[in-house]
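Visitor:
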Amino acid sequence: MNIALIAHDKKKADLVQFVTAYKDIFEQHTLFATGTTGLRIQEATGLTVQRFQSGPLGGDQEIGAMIAKNEMDIVFFFRDPMTAQPHEPDVTALIRLCDVYNVPVATNMGTAEVLIRGLQRGDIDWRKVIKDMR
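Position 89 of the sequence shown, counted from 1, bears residue number 504 in this note's numbering, the numbering being contiguous throughout.
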């Protein structure tokens, strides 16, 4: 599965910790990330991550384009709800695309835990069926 990894500045450490904890699951999939987040994950885990621009420079939109083309299966987007983001319209658009195309998205550690366990169990395999239908 194709998995997107995105985190606001104050949540990057949390996402790196999460990917490190579940490295055995993530290494079985193709990973994509926005710029700095992807670099930090690569450095901490040794996993291969295809990196896009940083979020404010268009990385969120690059991932959104993959969602719109049915090329992204899961999004882990650790958001910082306490800090105003200058690119908030891009963030909103990305989450909207996940809703439009039925792409599971976790925006916090609690939801991410449920989603990664579901991925491990095969609960997200329906995404493969949708890809085959298009």
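Note that CB positions come from ideal geometry on N, CA and C, so glycine has one too.
Tell me, please, which residues DSSP counts as bridged to A521.
Guide: F491, per the DSSP bridge assignment.
Visitor: Do you know offhand how far T449's Cα is from W541's?
Guide: 26 Å
Visitor: Hey, D475 and I418 are a contact pair by Cβ (cut 8 Å); roughly how many whole angstroms apart?
Guide: The C-beta separation of D475 from I418 comes to about 15 Å, leaving the pair out of contact by the 8 Å criterion.
Visitor: Which word fits T426, buried or exposed, when buried means at least 16 other C-beta atoms lie within 10 angstroms of its C-beta?
Guide: Before going further, note that residue 426 is Lys rather than Thr in the sequence given. Counting Cβ neighbours within 10 Å, K426 comes out buried, since at least 16 surround it.
Visitor: Only counting the same chain, and skipping five residues up and downstream in sequence, which positions put a Cβ closer than 7 Å to that of P471?
Guide: Setting aside the 5 residues that flank it on each side, P471 is surrounded in the same chain by P501, H502, each with a C-beta closer than 7 Å to its C-beta; the list follows chain order.
Visitor: Roughly how many whole angstroms lie between the Cα atoms of F447 and A508?
Guide: Within the model, the alpha-carbon separation for F447 versus A508 is close to 18 Å.
Visitor: Might you give, ordered along the chain, the residues of its own chain that have their beta carbon closer than 6 Å to the beta carbon of R494, omitting 5 neighbours on each side?
Guide: H423, T522
Visitor: What residue does the alpha helix (DSSP H) around L512 start on, and which one ends it?
Guide: 503-515
Visitor: For Q476, report the span of its alpha helix (DSSP H) as first-last.
Guide: 474-483
Visitor: Are C513 and V506 closer than 7 Å when you measure CB to CB?
Guide: no
Visitor: Where do the N-terminal and C-terminal ends of the beta strand (DSSP E) with L420 fall, by residue?
Guide: Here the beta strand (DSSP E) through L420 covers 417-422.
Visitor: I think F491 touches L430, with their Cβ atoms under 8 Å apart; what is that distance to the nearest whole Å?
Guide: 7 Å
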